[in-house]
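J.: In the working numbering, the protein residues as written are 3 to 298.
#1: I need the DSSP call for residue 258, collapsed to helix, strand or coil.
#2: Out of 78, 68 and 144, which one is the CA nearest neighbour of residue 89?
#3: Leaving out the 5 sequence neighbours to the left and right, which residues in its chain are closer than 7 Å to residue 171 when beta-carbon positions are compared?
#4: Compute the Euclidean distance between the alpha carbons of residue 133 and residue 122, then round it to the nearest angstrom.
#5: Below 8 Å, how does it come out for the segment 174-187 and the segment 149-156: are there three or more Cβ pairs, yes or no?
#6: Identify the continuous beta strand (DSSP E) that holds residue 238 and give its terminal residues.
#7: Whole-angstrom Cβ separation of residue 117 and residue 98, contact assumed at under 8 Å?
#8: Where does the unbroken alpha helix (DSSP H) through residue 192 begin, and where does it stop?
#9: With a threshold of 16 other CB atoms inside 10 Å of the CB of residue 298, please say whether the residue is buried or exposed.
#10: Let me make sure I understand the geometry here. Which of 73, 197 and 113 has the alpha-carbon closest to that of residue 143?
#11: Comparing alpha-carbon positions, which option in 242, 192, 74 and 214 lies nearest residue 207?
#12: Residues in the same chain with beta-carbon distance under 7 Å from residue 248, minus the five sequence neighbours each way, listed in chain order, please.
#13: To the nearest angstrom, report how far apart residue 110 and residue 79 are at their CA atoms.
#14: Between residue 64 and residue 129, what straight-line distance do the alpha-carbon atoms span, to the nearest angstrom?
#15: On the three-state DSSP scale, how would you describe residue 279?
#16: For residue 230, name the three-state secondary structure that DSSP assigns.
#17: Taking only three categories from DSSP, how would you classify residue 128?
#18: Helix, strand or coil: how does DSSP classify residue 78 here?
#19: Can you tell me which of the three DSSP states residue 50 falls into?
#20: Taking 8 Å as the limit between beta carbons, can you name the residues of its chain near residue 91, skipping five residues before and five after?
#21: Please return the same chain residues whose Cβ sits closer than 6 Å to the Cβ of residue 233, not counting the five positions on each side in sequence.
#22: In the DSSP assignment, the beta strand (DSSP E) including residue 1 goes from what residue to what residue?
#23: Given that a residue counts as buried once 16 or more other Cβ atoms are within 10 Å of its Cβ, and exposed if not, what is residue 280?
#24: Measure from the C-beta of residue 238 to each C-beta in chain D and report whether the shortest distance is under 9 Å.
#25: Looking only at C-alpha atoms, which of 195, 190, 209 and 211 sits nearest to residue 220?
#26: Apply the 10 Å Cβ neighbour rule to residue 138 and answer buried if 16 or more other Cβ atoms are within range, or exposed otherwise.
#27: Terminal residues of the continuous alpha helix (DSSP H) containing residue 264?
#28: For residue 103, count neighbouring Cβ atoms within 10 angstroms of its own Cβ and tell me buried if that reaches 16, exposed if not.
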């Protein structure tokens with residue numbers, strides 16, 4: 003619009019007005035300089051950019067890589083990818099406590115079966131066997147047959163810890179297996195109890211004190227004519243077991259102690275007792291257990 007008015011004024015008979023209008027038209031016809039505003043380039047996705055940087059340096063500079071993950075988690079505390087990678091970094095550093103805390107956060111977000119199994123492994127390393135069993139029990143509900151098998155095997159190995167009340171490395175074993183023979187109307191009550199300590203990290207060497215007892219309900223210790231159906235005796239001993247191979251269920255054992263006759267048998271009730279042998283067992287699934295014992 004200004005050009006139109008100044009063009010009209012440039013035709014004026016007044017010399018002064020005409021000159022000013024011509025100067026104004028000249029200024030208006032000059033090219034306008036382009037104004038460039040500097041802007042900071044921002045990645046389309048900042049988190050993806052930082053994760054890419056993390057993957058590039060995690061093997062050569064794990065400490066710096068960890069700082070990148072912590073930076074992401076400060077901004078996005080529920081970022082599952084960053085949490086998982088942070089957990090794996092802690093595992094590489096053998097920082098199982100922090101790894102356990104991080105993967106618990108991941109599981110709270112995802113309820114993922116593989117994460118439950120991962121928590122089971124970490125809890126077992128931390129000697130949280132009760133929690134480990136629960137996580138493997140959760141993971142066993144997966145539709146993945148391989149993960150299901152691994153979880154069920156882990157549950158079998160950890161089953162004894164659910165009734166354990168002594169802290170590691172101490173243990174108590176108690177076996178009671180009564181028998182009844184109808185043709186003799188005879189009941190037999192064998193008992194075996196041990197209390198001891200594991201001498202190594204993998205529980206392959208045991209030192210223990212034990213008591214074995216066998217009694218039946220028909221034997222009588224009459225001084226005139228005793229009737230003996232079963233060896234009614236209690237044996238108190240100390241012993242040791244050694245399992246040379248972690249994955250092969252074979253153990254050697256030796257015990258020394260004193261036996262006491264629970265009924266009178268025309269002899270000194272106390273006798274020395276020395277025994278040793280081989281124990282072998284195998285477990286399939288949860289319910290089937292086979293064992294063999296050969297004693298000297």
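Ideal Cβ placement from N, Cα and C applies to all residues, glycine included.
T.: So, to answer that:
#1: strand
#2: 68
#3: 199 and 200
#4: 7 Å
#5: no
#6: 235-244
#7: Not a contact, Cβ separation roughly 15 Å.
#8: First-last for residue 192: 188-200, but that is the beta strand (DSSP E), not the alpha helix (DSSP H).
#9: Note that residue 298 scores a pLDDT of 40, beneath 50, so its modelled location is shaky; the value from the coordinates is reported in the next line. So residue 298 ends up on the exposed side.
#10: 113
#11: 242
#12: 204 and 206
#13: 13 Å
#14: 27 Å
#15: strand
#16: coil
#17: coil
#18: coil
#19: helix
#20: 60, 64, 67, 68 and 71
#21: 216
#22: Residue 1 is absent from the structure shown; the chain starts at 3 and stops at 298.
#23: exposed
#24: Protein chains in the displayed structure number just one, and chain D is not present.
#25: 190
#26: buried
#27: First-last for residue 264: undefined, no H or E at that position.
#28: exposed
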